[in-house]
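To keep things clear, I will list the structure first and then write my remarks on it.
Numbering (the UniProt record's numbering), first residue to last: 1 to 423.
This is the structure we're talking about:
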């Protein structure tokens, strides 16, 4: 746990990491087997003022590499330890670099910035092996406002302070299928209609969705979808948002899109909230956007988000708009397939990864459709149970038929004897 001081604010950082193991395995002939090694104990994460530092120890000297997941081709995000003779290793990442995910939190229990990144510790200098480890590190920088007051008593009249604190709303950003309350989308096909939905759980606050971006998760492609005034940059891709009367819900129906030759998409937006009762929301939300162009042309009526300083690696950035509180929200990752990925084309014996994934997605969607269409009271039976039931039914039917035939034969005999006695 680390305290640091900057610009009159106190920031508290702490860490969280989750362990994962890779699936591949590789060996190479060498006098020293790099895979005959392992991490001892748990790595230590330090949330410094402008960077994240990860320290770990290994049983033997570490000669592999440490890198940020998805950033192996970026020199600033990879450190090689070839020829190293130490078993205590440090790895540092500057805040905001190497596709570090950043999210601003504003709530009653936490207020600050959360930054997370996944780090791979690889013992081999080329391949990912079974002894490697992946750690998702998260640093949360808590902002505590220091209030300095000065008072002058001019009367002995006692003063009673009466205060009340309004609970800050909890806001979410989801992509849903079918409606604003539909299922959250994890897999989709290009052109499929979905709903981007932003909500805040309080009627006391209004919200403004702004500064929305889409990126590919690798830090290579990033595009702005909604500007700082809350207006769409391209209404053909993302139509203007629709707000409810309370201005605590906004949505836009969108046909799924993605970057060329990329499978995953990430969406992130800033949501500013203002207290409805004090009038600070008037003229700020909902935004007044141009009818066709998509970018705002009435800027004096927009809330303008201004950040302190120009350093993109600063852990905390405050919004100067009076009466507005801003939080960064990210939707869940979406895997998007091209239209031709769903046609299950097989060229020889080569099937692409996307086609395999498309098959799984289509099967998943079909199963979900079947489940939703079936009656909840329906009972599913396995093949052995069905076979047993058929055998029992057949045996019962045969026995009943035999009894019926026996009864008919016996009845005919009795009728014959009775008729003979009469004669």
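Cβ atoms here follow ideal geometry from the backbone N, Cα and C, with glycine treated the same way.
Beta-carbon gap between residue 123 and residue 89 smaller than 8 Å: If you check the CB distance, residue 123 and residue 89 do not come in under 8 Å.
Cβ neighbour criterion (16 or more within 10 Å) applied to residue 91: By the 16-neighbour rule on beta-carbons within 10 angstroms, residue 91 is buried.
DSSP three-state assignment for residue 193, whether helix, strand or coil: The answer is strand: DSSP assigns residue 193 an E or B state.
Residue from 74, 69, 59, 117 with nearest C-alpha to residue 47: Answer by Cα proximity: 117.
Proximity below 8 Å, CB of residue 331 to CB of residue 267: Residue 267 is positioned such that its CB atom lies closer than 8 Å to that of residue 331.
Run of the beta strand (DSSP E) containing residue 46, from where it starts to where it stops: Taken as a continuous stretch (DSSP letters only), the beta strand (DSSP E) holding residue 46 covers 39-47.
Inter-stretch contact (C-beta, 8 Å, three-pair minimum) for the region 192-207 and the region 175-184: Output reads yes: the region 175-184 touches the region 192-207.
Beta-carbon spacing of residue 210, residue 224 below 8 Å: For residue 210 and residue 224, no; Cβs fall outside 8 Å.
DSSP state of residue 226 mapped onto helix, strand, coil: Residue 226 falls in the strand class under three-state DSSP.
Assigned secondary structure, residue 390 (DSSP; H/G/I helix, E/B strand, else coil): Shown here, residue 390 sits in a helix according to DSSP, grouped into three states.
Rounded distance between the beta-carbons of residue 101 and residue 113, thought under 8 Å: The Cβ separation is near 11 Å, so there is no contact.
Residue 308 versus residue 324: straight-line alpha-carbon distance, rounded: In this predicted model, residue 308 has a pLDDT of only 33, less than 50, meaning its place in the structure is not dependable; the value taken from the coordinates is given anyway. Residue 324 has its alpha-carbon roughly 15 Å from the corresponding atom of residue 308.
Distance CB(residue 238)-CB(residue 226) smaller than 8 Å: Taking C-beta atoms as the reference points, residue 238 and residue 226 count as a pair closer than 8 Å.
Residue 127 - DSSP class collapsed to helix/strand/coil: If DSSP states are grouped into helix, strand and coil, residue 127 belongs with coil.
Cα-Cα separation between residue 413 and residue 397, rounded to whole angstroms: Residue 413 and residue 397 have their C-alpha atoms roughly 24 Å apart.
Residue 241 burial status per 10 Å Cβ neighbour count (16 or more: buried): Buried, by the Cβ-count rule.
Length of the line joining the Cα atoms of residue 125 and residue 97: Approximately 23 Å between the Cα atoms of the pair.
Status (buried if at least 16 other CB within 10 Å, exposed otherwise) for residue 62: Buried.
Identity of the residues DSSP links to residue 68 by a beta bridge: 119.
Candidates 384, 390, 198, 68, of which the one nearest residue 251 by Cα: From the listed residues 384, 390, 198, 68, the smallest Cα separation to residue 251 is found for 198.
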